[in-house]
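The structure appears below as structure tokens.
There are 2 protein chains.
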Amino acid sequence: MTSSDKPENASDTAAAEPTSVAARDWATASADPQYRAAVVDLLGALAYGELAAFERLAEDAKLAPTLADKAALAKMASAEFHHFERLRDRLAEIGEEPTRAMEPFVAAYDGFHKQTAPSDWLEGLVKAYVGDSIASDFYREVAARLDSDSRNLVLAVLDDTGHGGFAVEKVRAAIDVDPRVGGRLALWARRLMGEALSQSQRVVADRDALSTMLVGGVADGFDLAEVGKMFSRITEAHTKRMAALGLAA
Amino acid sequence: MTSSDKPENASDTAAAEPTSVAARDWATASADPQYRAAVVDLLGALAYGELAAFERLAEDAKLAPTLADKAALAKMASAEFHHFERLRDRLAEIGEEPTRAMEPFVAAYDGFHKQTAPSDWLEGLVKAYVGDSIASDFYREVAARLDSDSRNLVLAVLDDTGHGGFAVEKVRAAIDVDPRVGGRLALWARRLMGEALSQSQRVVADRDALSTMLVGGVADGFDLAEVGKMFSRITEAHTKRMAALGLAA
């Protein structure tokens, strides 16, 4: 396939900046202040996301019907905390104050969790699974747009996600016992995704440098249509996962 | 000092059983069903204690005034979770169902945490520090009475405690700013210790094999006076720590 087959993307693929950054290391890439600001935003957003996820998973562990279930959710929470540590340490390593880098994203994450407090164990499980999966998708999307050092960090954290798998069998088993549960959890999953998108859009609107980088744009502006496409890809993957779980999304 | 200087302890030091178990490994020591039951109880009690501590610290992290404080408490919580994992894995390794070993202790720990939910960040810090310190004291007391394999595990977990130190400077600083805070927190620390003792005594009364081992007793009964002495030593250490922290206990 040549580039003439998809003229609508031609201007993107022709742009030199987003492709070339992947070939650079942090020392080289961060000489561009716009790129540096975007990565600091990204690390700050991911770090606070992991810390907030830790807190909420640990709280949701209280809903667990058995000690083994509680331990499984606590394990996910602990994994999120270790992701937080890596991201925070990286911020410190590049000379940024981790707290300052995280603060712009506190309201969005806290808003998300406040709006999506699970009312029972199954809702907690679905939230853990959905959150873990969306995080993986997003990490994968963003890794390709990063310098080699930042990419290695993001991939290392990504490699350690996927603890949400245990949630799948529990939710399936519950739907087998009572199919009506599936309808309720499908609505719940839709609400989770809706709230996640709404908070993400708030961040995109506020943080120009980050948004520009996410869509592989150039330094002087970002393409809202490309942001939309990224959200669409993540939503689509979510929908497929929910269907596989027996939840019509 | 010869043993004649402390005749009140002569019968204890002369008892062959408690000393000799330390020279044995698990395979040899666990041939005694009473000893085996006691260690299973101990590992179950410690495991659930760590899991419960994880949950409460994670919840108390929500009270943190800054992101750095939140991260510090989350770090303690995560460390407790890893202690839980080691203890649970050890139970599985010796052929015990971890959940069944933990269940007898759920009510005592949950009761403790329910009675001692901190109402603010400083109370949470004091609780984290007190809990961490008492756990260290108890691990140290009990290690001497265990077979070599169990002792190594307990010492390894002990070696990784002490994350509570960060609480000390925060509490001191708060008392410096407003000395009345010290009075309030001293009452709080006393309540924590009182509740811990009350729940411990419940466990001691219920679990004969465990209590017998804790005081280095023989298989056919345990010496309530020795249990009392152990509690006294731990309480005394607590009182000294609170005084050092500027809290009259």
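Chains H and L, in that order, give the protein sequences.
In terms of full-length UniProt numbering, the first sequence is residues 1 to 249.
In terms of full-length UniProt numbering, the second sequence is residues 1 to 249.
C-beta: ideal position from N, C-alpha, C; glycine also.
Predicted model, so just to flag it, every value in this text is computed and none were measured.
Determine the extent of the alpha helix (DSSP H) in which residue i is found, giving its start and end residues.
i, result
"residue 194 of chain L", "180-206"
"residue 49 of chain H", "33-60"
"residue 248 of chain H", "Here residue 248 of chain H belongs to no alpha helix (DSSP H), and DSSP marks it neither H nor E."
"residue 135 of chain L", "121-143"
"residue 150 of chain L", "148-159"
"residue 27 of chain L", "26-29"
"residue 165 of chain H", "165-177"
Next on the checklist: For the stretch 75-89 of chain H against the stretch 27-40 of chain H, do three or more pairs of beta-carbon atoms, one drawn from each stretch, fall closer than 8 Å, so that the two count as touching?
Outcome noted: no
Checklist entry - What residues from the stretch 62-81 of chain L come within 8 Å of chain H, judged by C-beta to C-beta, listed N to C? => result 62, 66, 67, 68, 70, 71, 74, 75, 77, 78, 81
Next on the checklist: For the stretch 100-120 of chain H against the stretch 135-154 of chain H, do three or more pairs of beta-carbon atoms, one drawn from each stretch, fall closer than 8 Å, so that the two count as touching?
Outcome noted: no
Checklist entry - Listed in chain order, which residues of the stretch 86-105 of chain L have Cβ atoms closer than 9 Å to some Cβ of chain H? => result 88, 98, 99, 102, 103
Checklist entry - Between the stretch 43-58 of chain L and chain H, which residues of the former have a C-beta closer than 7 Å to a C-beta of the latter? => result 51, 54, 55, 58
Next on the checklist: Closer than 8 Å is the cut-off here; do at least three beta carbon pairs connect the stretch 94-104 of chain H with the stretch 188-197 of chain H?
Outcome noted: no
Next on the checklist: Check whether the stretch 114-125 of chain L and the stretch 174-190 of chain L are in contact - that is, three or more C-beta pairs closer than 8 Å.
Outcome noted: yes
Checklist entry - Would the stretch 67-83 of chain L and the stretch 69-80 of chain H be scored as touching if the rule is three or more Cβ pairs under 8 Å? => result With a cut-off of 8 Å on Cβ pairs, the stretch 67-83 of chain L is in contact with the stretch 69-80 of chain H, counting three or more such pairs.
Checklist entry - Below 8 Å, can you find three or more Cβ-Cβ pairs linking the stretch 39-47 of chain L to the stretch 47-66 of chain H? => result no
Item to check | Segments of 4+ residues assigned as alpha helix (DSSP H) that fall wholly inside the stretch 63-117 of chain H | outcome: Runs found: 67-93, 98-102, 106-115.
Next on the checklist: Across the stretch 41-52 of chain H and the stretch 60-70 of chain H, are there enough close Cβ pairs to call them in contact, namely three or more that are closer than 8 Å?
Outcome noted: Output reads no: the stretch 60-70 of chain H does not touch the stretch 41-52 of chain H.
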